[in-house]
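Protein chains in written order, with the numbering used here: chain U, 239 to 669; chain G, 239 to 669. Ideal Cβ placement from N, Cα and C applies to all residues, glycine included. Okay, structure first, notes after.
Protein chains: 2
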Amino acid sequence: ALAIEPFQLEDEYKELNATQWAWVIESLTKEQRLILWPHLDSSMLSSILSELHEDVRQQIVALLPKKDIEATVCAGTSVEALDILEVLPQKTASNIIKKLSSETQSEVEASLSYEEDEVGRYANKHVYTIADDALVSTVITAIKNSDTNLESNALFVVSSDLKFLGEVSLNDLLNAPKSSNVSAIVERSDMVLNDKESLIEASKAVQSTQKSLVPVIKENGQFVGVFSIHDALYIFQEFYEAQMAHMGKVNDEDLFSPVLTSTRRRAVWLGINLLTAFLASFVIGMFDKVLIEIVALAVLMPIVASMGGITGSQSLTLTIRGLATNQISQGNLSALHKKEFYVALLNSLCWATVVAVICYFWFENSVLAVIIAIAIIINMIVAAFSGVFIPVILEKMGVDPAIAGSVILTTVTDVVGFFVFLGGASIIFLW
Amino acid sequence: ALAIEPFQLEDEYKELNATQWAWVIESLTKEQRLILWPHLDSSMLSSILSELHEDVRQQIVALLPKKDIEATVCAGTSVEALDILEVLPQKTASNIIKKLSSETQSEVEASLSYEEDEVGRYANKHVYTIADDALVSTVITAIKNSDTNLESNALFVVSSDLKFLGEVSLNDLLNAPKSSNVSAIVERSDMVLNDKESLIEASKAVQSTQKSLVPVIKENGQFVGVFSIHDALYIFQEFYEAQMAHMGKVNDEDLFSPVLTSTRRRAVWLGINLLTAFLASFVIGMFDKVLIEIVALAVLMPIVASMGGITGSQSLTLTIRGLATNQISQGNLSALHKKEFYVALLNSLCWATVVAVICYFWFENSVLAVIIAIAIIINMIVAAFSGVFIPVILEKMGVDPAIAGSVILTTVTDVVGFFVFLGGASIIFLW
Numbered sequence: 239a240l241a242i243e244p245f246q247l248e249d250e251y252k253e254l255n256a257t258q259w260a261w262v263i264e265s266l267t268k269e270q271r272l273i274l275w276p277h278l279d280s281s282m283l284s285s286i287l288s289e290l291h292e293d294v295r296q297q298i299v300a301l302l303p304k305k306d307i308e309a310t311v312c313a314g315t316s317v318e319a320l321d322i323l324e325v326l327p328q329k330t331a332s333n334i335i336k337k338l339s340s341e342t343q344s345e346v347e348a349s350l351s352y353e354e355d356e357v358g359r360y361a362n363k364h365v366y367t368i369a370d371d372a373l374v375s376t377v378i379t380a381i382k383n384s385d386t387n388l389e390s391n392a393l394f395v396v397s398s399d400l401k402f403l404g405e406v407s408l409n410d411l412l413n414a415p416k417s418s419n420v421s422a423i424v425e426r427s428d429m430v431l432n433d434k435e436s437l438i439e440a441s442k443a444v445q446s447t448q449k450s451l452v453p454v455i456k457e458n459g460q461f462v463g464v465f466s467i468h469d470a471l472y473i474f475q476e477f478y479e480a481q482m483a484h485m486g487k488v489n490d491e492d493l494f495s496p497v498l499t500s501t502r503r504r505a506v507w508l509g510i511n512l513l514t515a516f517l518a519s520f521v522i523g524m525f526d527k528v529l530i531e532i533v534a535l536a537v538l539m540p541i542v543a544s545m546g547g548i549t550g551s552q553s554l555t556l557t558i559r560g561l562a563t564n565q566i567s568q569g570n571l572s573a574l575h576k577k578e579f580y581v582a583l584l585n586s587l588c589w590a591t592v593v594a595v596i597c598y599f600w601f602e603n604s605v606l607a608v609i610i611a612i613a614i615i616i617n618m619i620v621a622a623f624s625g626v627f628i629p630v631i632l633e634k635m636g637v638d639p640a641i642a643g644s645v646i647l648t649t650v651t652d653v654v655g656f657f658v659f660l661g662g663a664s665i666i667f668l669w
Numbered sequence: 239a240l241a242i243e244p245f246q247l248e249d250e251y252k253e254l255n256a257t258q259w260a261w262v263i264e265s266l267t268k269e270q271r272l273i274l275w276p277h278l279d280s281s282m283l284s285s286i287l288s289e290l291h292e293d294v295r296q297q298i299v300a301l302l303p304k305k306d307i308e309a310t311v312c313a314g315t316s317v318e319a320l321d322i323l324e325v326l327p328q329k330t331a332s333n334i335i336k337k338l339s340s341e342t343q344s345e346v347e348a349s350l351s352y353e354e355d356e357v358g359r360y361a362n363k364h365v366y367t368i369a370d371d372a373l374v375s376t377v378i379t380a381i382k383n384s385d386t387n388l389e390s391n392a393l394f395v396v397s398s399d400l401k402f403l404g405e406v407s408l409n410d411l412l413n414a415p416k417s418s419n420v421s422a423i424v425e426r427s428d429m430v431l432n433d434k435e436s437l438i439e440a441s442k443a444v445q446s447t448q449k450s451l452v453p454v455i456k457e458n459g460q461f462v463g464v465f466s467i468h469d470a471l472y473i474f475q476e477f478y479e480a481q482m483a484h485m486g487k488v489n490d491e492d493l494f495s496p497v498l499t500s501t502r503r504r505a506v507w508l509g510i511n512l513l514t515a516f517l518a519s520f521v522i523g524m525f526d527k528v529l530i531e532i533v534a535l536a537v538l539m540p541i542v543a544s545m546g547g548i549t550g551s552q553s554l555t556l557t558i559r560g561l562a563t564n565q566i567s568q569g570n571l572s573a574l575h576k577k578e579f580y581v582a583l584l585n586s587l588c589w590a591t592v593v594a595v596i597c598y599f600w601f602e603n604s605v606l607a608v609i610i611a612i613a614i615i616i617n618m619i620v621a622a623f624s625g626v627f628i629p630v631i632l633e634k635m636g637v638d639p640a641i642a643g644s645v646i647l648t649t650v651t652d653v654v655g656f657f658v659f660l661g662g663a664s665i666i667f668l669w
């Protein structure tokens with residue numbers, strides 16, 4: 239399906255919507271993307287660009303003539319314009335903003351007055367509101383005459399000085415006397431979002447309601463726009479994709495990012511890992527005398543480090559999720575530490591025994607078997623504590639535990655594992 | 239906030255909705271959960287249970303008297319009932335189903351006729367539909383008189399034999415002549431879901447529309463219920479949480495799962511890892527002669543394995559995401575392999591040089607420096623190929639690459655890393 243011949247596009251691909259087109263484009267190589275682009279329906283270009291992964295959007299925009307970008311941005315909505323402007327150089331972006339229709343321009347400027355992670359920036363400003371002094375009959379007529387469907391069953395009511403007053407449900411609107419004012423039937427919204435709230439918190443809030451649209455208002459009560467459950471879904475998806483990318487030691491990147499870009503981004507993670515690895519090597523190097531005496535130590539030492547690594551990763555994963563959902567606090571931290579300790583204790587006793595038995599039969603050395611068992615137990619317990627402790631500390635320091643947590647944890651489990659195992663062996667076998 | 243004194247509940251917690259209560263309960267220990275439970279508003283219990291993490295739901299239900307469970311299930315909606323019945327023993331569940339109101343009972347039974355991951359099971363069957371032969375005026379009156387708000391702007395139209403016919407927007411309904419039939423203004427829905435479709439595919443489909451509710455229909459055209467964007471968000475969240483848990487070598491578990499449950503679940507991952515670790519040890523053991531001669535090899539060997547591990551993890555993470563979004567296919571697989579190869583080649587050349595230089599100065603052995611550089615380059619390139627190859631093969635075999643991928647990959651990078659490095663050293667230093 240991906241080896242698209244551009245001139246066959248018509249039949250198969252005519253029905254795709256912008257989301258589906260973005261999906262297709264993301265799975266193409268750069269060359270294929272460039273062949274395809276001119277054949278797309280020009281009325282969809284701005285929505286497609288807006289739906290694309292940021293890397294791909296940037297790649298395509300960088301290759302388009304300025305005139306085409308301008309035309310695409312001007313043809314789209316303010317939300318789409320914002321996504322495209324984001325990947326443009328500052329100067330080009332300001333030039334294009336000047337050429338937008340005055341309505342879109344003011345919507346875009348309102349968005350740009352917010353920080354990147356504030357919900358005010360992404361609130362849809364292009365939304366149908368009704369005035370509190372309007373007559374019920376006027377509103378019903380307006381709904382009848384509008385050619386687009388309403389996005390929700392509730393209509394947001396705004397005063398003449400743009401203050402948000404609440405919402406009116408269609409049921410109430412239809413039941414109200416035609417000659418009464420909207421203000422007579424307006425109801426307080428169950429939930430409003432503050433415009434400065436962070437995107438992820440706003441998304442959680444929207445998720446906890448059964449509403450599709452939630453109004454976003456300023457501190458002074460002015461109506462900014464609406465944040466939808468579709469927006470929330472998108473934000474969650476971005477959040478999880480980024481967390482998973484970090485867990486896999488990669489930045490969230492396009493499937494077909496340019497080789498040099500990918501190389502550079504991934505090199506950072508590899509470089510940090512190398513530091514960790516050299517630290518572990520340094521610890522091993524401290525015990526070269528015992529390694530020369532007993533080569534079995536070199537054979538077995540990765541087991542100690544790796545069992546600690548997995549245990550730590552398990553506690554870390556649970557803790558990072560708990561921190562992300564705000565379910566870990568000072569109040570339950572010690573209970574969590576205790577639980578993780580007991581889990582690690584039981585598992586370490588179990589697996590240390592297994593390893594000891596295997597080592598005893600493999601190397602016929604009971605002292606070695608005892609040393610590795612003790613080293614595994616210590617390393618797994620330290621790992622479990624670190625798995626809870628490290629992300630909590632990182633979060634307090636304002637560092638994202640999903641990014642830095644596992645690198646630091648691996649350092650701990652490697653260093654402790656090698657140190658305890660080889661150090662213990664040195665004491666027993668060399669003294 | 240978590241050290242809740244049960245008798246202070248009234249003031250602070252009165253305004254919490256079911257989602258927020260579930261969130262609070264999940265962050266409590268078992269003992270605290272039991273203290274809190276009797277103080278909750280009994281009309282919310284079924285929604286709270288339904289919102290809870292499956293582990294926690296099971297824990298609480300297991301501790302409640304049968305009568306209380308029955309009362310809670312009967313008081314809730316069919317969707318909530320389903321969530322609670324899921325964590326009950328088969329027999330208890332069937333007994334409770336018999337006591338449900340006939341409407342809820344038939345909704346629950348309709349759901350249970352589907353498999354666990356089919357969208358038909360989770361489609362909301364308790365939805366307001368209109369008959370195609372109803373008069374427009376009748377429908378408008380019904381909307382006016384209904385005391386609950388409509389969930390969406392579109393109304394689903396069903397024929398007398400329960401076939402799904404399409405939808406009617408409120409705008410059209412208000413504009414239509416009062417005496418005409420609904421069938422005159424019904425429009426084909428942009429999207430309908432097949433009831434047998436998998437939950438994750440259904441969720442992706444809903445996400446790609448701007449709709450809040452999508453109708454679910456049987457093969458024969460019969461209307462089953464609706465799947466909402468809120469459901470889709472929940473499914474995505476579960477999907478990502480599970481994937482992240484697997485990446486961290488843990489099953490998706492409750493923060494305060496019982497120690498024995500956690501121990502048992504995590505033991506599986508630790509056991510699999512131990513097999514991997516012993517395989518690596520076995521490879522190291524093959525080269526004990528050269529390890530005795532040159533202790534620096536033991537000091538440096540974790541570096542080779544770990545650089546391969548990170549490279550592989552990077553390719554694996556990208557590939558697993560591409561497979562999850564269906565963006566990797568036969569058509570672009572070789573392009574992806576090629577790109578990952580070049581990225582790994584560049585990075586391996588860069589970091590192998592760094593390691594070689596450090597080793598040269600540390601051990602003053604240029605041959606060793608060359609051997610480790612070559613081993614790192616080979617291992618990183620093999621890792622990048624495996625990172626793409628392994629998940630693709632696993633997916634073809636019907637195994638979830640997010641679960642098995644990284645264990646297999648680590649085995650490959652450890653075995654190849656140790657084999658190439660120690661094997662190369664054996665050839666050079668021992669022959």
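Beta-carbon proximity check, residue i vs residue j, cutoff 8 Å
i, j, result
"residue 269(U)", "residue 291(U)", "no"
"residue 549(U)", "residue 640(U)", "no"
"residue 486(U)", "residue 554(G)", "yes"
"residue 372(U)", "residue 396(U)", "no"
"residue 452(U)", "residue 462(U)", "no"
Where residue i sits in the DSSP three-state scheme
i, result
"residue 256(U)", "helix"
"residue 647(G)", "helix"
"residue 629(U)", "helix"
"residue 664(G)", "helix"
"residue 636(U)", "coil"
"residue 655(G)", "helix"
"residue 462(G)", "strand"
"residue 302(G)", "coil"
Candidates the options: closest to residue i by CA position
i, options, result
"residue 657(U)", "470(U), 616(U), 669(U)", "616(U)"
"residue 393(U)", "327(U), 401(U), 468(U), 377(U)", "377(U)"
"residue 254(G)", "460(G), 278(G), 341(G)", "278(G)"
"residue 477(G)", "420(G), 436(G), 643(G), 605(G)", "436(G)"
"residue 414(U)", "381(U), 374(U), 396(U)", "374(U)"
"residue 543(U)", "563(U), 533(U), 519(U)", "519(U)"
Backbone CA spacing between residue i and residue j [nearest angstrom]
i, j, result
"residue 521(U)", "residue 652(U)", "9 Å"
"residue 313(U)", "residue 284(U)", "7 Å"
"residue 324(G)", "residue 431(U)", "35 Å"
"residue 539(G)", "residue 587(G)", "18 Å"
"residue 423(U)", "residue 362(U)", "25 Å"
"residue 256(U)", "residue 444(G)", "14 Å"
"residue 649(U)", "residue 517(U)", "8 Å"
"residue 511(G)", "residue 262(G)", "34 Å"
"residue 559(G)", "residue 316(U)", "30 Å"
"residue 645(G)", "residue 630(U)", "27 Å"
Range of the contiguous beta strand (DSSP E) that encloses residue i
i, result
"residue 404(U)", "402-407"
"residue 394(U)", "392-396"
"residue 367(U)", "367-369"
"residue 451(G)", "451-455"
Residue range of the alpha helix (DSSP H) that includes residue i
i, result
"residue 546(G)", "534-562"
"residue 470(G)", "467-485"
"residue 598(U)", "568-601"
"residue 337(U)", "Taken as a continuous stretch (DSSP letters only), residue 337(U) belongs to no alpha helix (DSSP H), as it is neither H nor E."
"residue 352(U)", "It is not in any alpha helix (DSSP H) - residue 352(U) carries neither H nor E in the DSSP assignment."
"residue 525(G)", "Premise fails: residue 525(G) is in no alpha helix (DSSP H) and is neither H nor E."
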